[in-house]
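Working notes, beginning with the structure itself.
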Amino acid sequence: MFSLQFRYFLYGAILSTSLISLSVQAGTNDGVFGDYFTRIIGGCPSNTVITGFDSTSSTYGTRQCSSLQSLLGTLFGSSIAPDGQAMIGFNPDGSPMYGDINWKKTASNISYTGGNVGIGTSAPSAKLDVVGGDAKINSITVGRGGGNIPNNTANGLNALYYNTTGDYNTANGVNALQFNTTGLLNTANGFQALQYNTTGQGNTANGLMSLASNTTGSYNTANGNGALLSNTTGYYNTANGVNALYSNTTGIYNTANGTNALFSNTTGNYNTANGLFALYSNTIGSQNTANGVHALQFNTTGNFNTANGLYALYLNTTGNYNTANGSQALRSNTTGYYNTANGLDSLRDNTTGYKNTANGVATLLFNTTGYNNTANGINALYYNTTGFENTANGSQALSNNTTGNNNTANGMGALLSNTTGIKNTAMGGYAMALNTDGSNNTAIGMNALFGNTSGYNNTANGVNALQFNTTGSNNTAIGFGAQVSGGTASNQVQIGNTAVTYAGIQVGWSTTSDIRWKDQVRDLPYGLSFLRDLRPVDYIRKNNDKHTRETGFIAQEVEQTLKKYKYDDQGFLTKSDTGYLELRYNDFIAMIVRGVQEIADTLESVTNRVNTNESEIAALKTSNETLKTANQKLESANTALSSRLDAIEAQLSKYF
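Below is the structure:
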């Protein structure tokens, strides 16, 4: 039911020549409501206004006209009318004239229930339809083209101008939702906001030209001048900030918060950008997340990247699956992929390197094309450029590495100075700290192989093991402080340090002895005579707490014996860098064998001589027996001869 109580209407008439301050055009018959209104109730003479109606008339009432000048008087300095009464004019003295029951047909108010009332139109479309500067009350659409459908709100020139069946829309601003036809549940605030939307629904646009090009895209939210300006069919996008998602056309499920965030995105989907210029250049890249000013700013087609922090992944263009957390993390990355950088300046200069992981401030900072590197700790792998497959865990681990590869450093300062060395493993604080180009070394324990620079194929297991090795190679040292004979010594094995008092093993040691390992083989020239010049001793080692006695030689005495025999090229007596003499006792086995052989040779010679003498003696004995027998025979013959001679003498004596 339409009900309008014309109370105090003259105040509005005097101020704006239109009812309720609306821009209603006056007709040729001067009056308050214009030509169309006066066609209903009749007009007044020139320079007069309607001041009331005859309440006894069977129609709306006979108009009462008054001079316009009589209305002015001292209006602004006088009261208008008591409550419940209507002002109808001015008295000659300028005071207001009012009555208790005016402007009524049959009741206390003017009412009309038969249809719509039109002002400026003969075919009103609403209960009160004012045509001219377009105004509508109820669904509150104000502006040219407003008011086609109930439940819409339009304020501004051409707001919701072409709307046909679209419902529950709100348009505030010139050309806001101008071309909307059937779209519903849209909210547009600002000049040309959602201007070209036709059937899109559930969109919210706040700001100059926000979502201006949207046609069928739905459930987009744009807050800020130019936000989602170019979006046409993209849906479920959120843009907060001037020009956020400015170029987006069909991209979906994007979120941009900040001026120029995701500015260039066109068809990229599922991107999130928070911060000034975040993901600014992204066009078709999808599922990227950028949080921070300039984060992923130049990304174009890269996908599945995450950047958190100022300038994080700043220059990335087509790189995929990168994660950067921290200011300038992965800043220079362009096409590198599967990189993870956590910390200020981590992987900052990486360009095309891939599958790198950097955790900590300035980790892998200068890496450019190196790949498969892992750095955990402040400045770990700091200077690495093209080195690959390195692992550094600990502050400054592998900090100076540039092109070295396949190195593993665990511990603060481990492999600190390594530049080009490869395939090194250092575990422990400052293990292999001074290594530069040495390769294939293994150091386990704090300061293990600390001084090694270019030595290779060394193994040090224990705190300070091979600590003083510099260029020596192929050494093995096991135990706390285990050292070989010198920093340049090579091909040595040291088990334990000088404090060791016992070494045991379940079985005997086996030493290589194959002829294929040997050259310039000769019979040992030194044996019994050399051994006879040695002085075997027993002694108590000074660090032996049990004070048990050991046997052996005094190295200095052995040294003198070697000089006596001019055995200069021997290797079983050596001197360490600290000046201590060392003996390789197993070498004496060959000398002892040689001495025993010499004794055996002498014994055999003597035995042979004895055997010869015994044979000769036996022969002499045999000859003696033969002579004895012959002598006995001679004696028997002599006896017989003597007997015969005696007989002869006896016969002769008979004759003489």
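Residues in the sequence shown are numbered from -18 upward in steps of one, following our numbering.
Heads up, the beta-carbon is just placed ideally off N, CA and C, and yes, glycines get one too.
Remember, predicted model here, so these are calculated numbers, not experimental data.
- For the options Thr298, Ala276, Gln551, the alpha carbon positioned closest to that of Thr282 is the one of Thr298.
- Exclusion of the five residues before and after Tyr200 leaves Gly183, Tyr216, Tyr217 as the residues of its chain whose Cβ lies within less than 6 Å of its Cβ.
- Here the stretch 480 to 498 does not lie against the stretch 508 to 521, with fewer than 3 beta-carbon pairs under 8 Å apart.
- Cβ neighbours of Phe172 within its own chain (closer than 6 Å, five residues either side excluded): Gly154, Val155, Leu189.
- The count of Cβ pairs closer than 8 Å, one atom from the stretch 235 to 243 and one from the stretch 205 to 224, reaches three, so the stretches are in contact.
- Between the C-alpha atoms of Ile580 and Gly468 there is a straight-line separation of about 43 Å.
- In this structure Gln537 is exposed. Its beta-carbon is surrounded by fewer than 16 other beta-carbon atoms within 10 angstroms.
- Exposure of Thr603 is indicated by the presence of fewer than 16 other C-beta atoms within 10 angstroms of its C-beta.
- Note that the C-beta distance between Asn399 and Asn382 is below 7 Å.
- Looking at the DSSP output, Thr185 sits in a beta bridge with Thr168, Thr202.
- If the five residues before and after Arg522 are omitted, its C-beta is found closer than 8 Å to the C-beta atoms of Thr482, Glu531, all from its own chain and listed in chain order.
- With respect to the C-alpha of Glu540, the residue from Val444, Tyr561, Asn221 having the closest C-alpha is Tyr561.
- Here DSSP, grouped into helix, strand and coil, assigns Ala581 to helix.
- For Tyr507, the closest alpha carbon among the candidates Leu138, Thr542, Val518 is that of Thr542.
- When secondary structure is reduced to three states using DSSP, Leu562 falls in the strand class.
- In the DSSP assignment, Met427 is bridged to no other residue.
- Per DSSP, the unbroken alpha helix (DSSP H) holding Gln541 starts and ends at 536 to 545.
- The beta carbons of Gly317 and Gly334 sit closer together than 7 Å.
- Taking Asp519 as the centre and dropping the five residues before and after it, the same chain places the C-beta of Arg530, Thr532 closer than 6 Å to its C-beta, in chain order.
- Contact between Tyr149 and Leu166 holds, with the beta-carbon distance rounding to 5 Å and staying under 8 Å.
- Excluding sequence positions up to five before and after Phe369, its CB lies within less than 7 Å of the CB of Gly351, Tyr352, Asn353, Asn354, Asn386, all in the same chain and listed in chain order.
- Note on geometry: alpha-carbon atoms of Tyr295 and Asn416 lie some 35 Å from one another.
- Per DSSP, Leu554 lies in no alpha helix (DSSP H); the unbroken beta strand (DSSP E) holding it starts and ends at 554 to 556.
- Here Ala571 has Leu505 as same chain residues with Cβ atoms under 8 Å from its own Cβ, once five neighbours each way along the sequence are excluded.
- Boundaries for Arg522: no beta strand (DSSP E) harbours it, and the DSSP string shows neither H nor E there.
- Between the alpha carbons of Thr134 and Thr145 lies a gap of roughly 14 Å.
- Sequence-distant partners of Thr315 (beyond 5 residues in either direction) whose C-beta falls short of 6 Å from its own C-beta, in its chain, are Leu296, Thr298, Thr332.
- Under DSSP, Glu531 takes part in a beta bridge, and its partners are Tyr520.
- Between Asn289 and Asn272, the C-beta spacing is below 7 Å.
- Short of 6 Å from the beta carbon of Gly181, and not among the five residues preceding or following it, lie these beta carbons of its own chain, in chain order: Gly164, Asn195, Thr197, Gly198, Ser199.
- For Met190, the three-state secondary structure derived from DSSP is coil.
- Among the bridge pairs identified by DSSP, Val574 is matched with none.
- Listed in chain order, the beta strand (DSSP E) runs fully inside the stretch 296 to 345 are 304 to 306, 321 to 323, 338 to 340, counting runs of at least 3 residues.
- In this chain, the beta strand (DSSP E) harbouring Met408 covers 406 to 408.
- Classified as buried, Asn365 has 16 or more neighbouring CB atoms from the shown chains inside 10 Å of its CB.
- Burial is judged here by how many other beta carbons sit within 10 angstroms of a residue's own beta carbon; Asp582 has fewer than 16 and is exposed.
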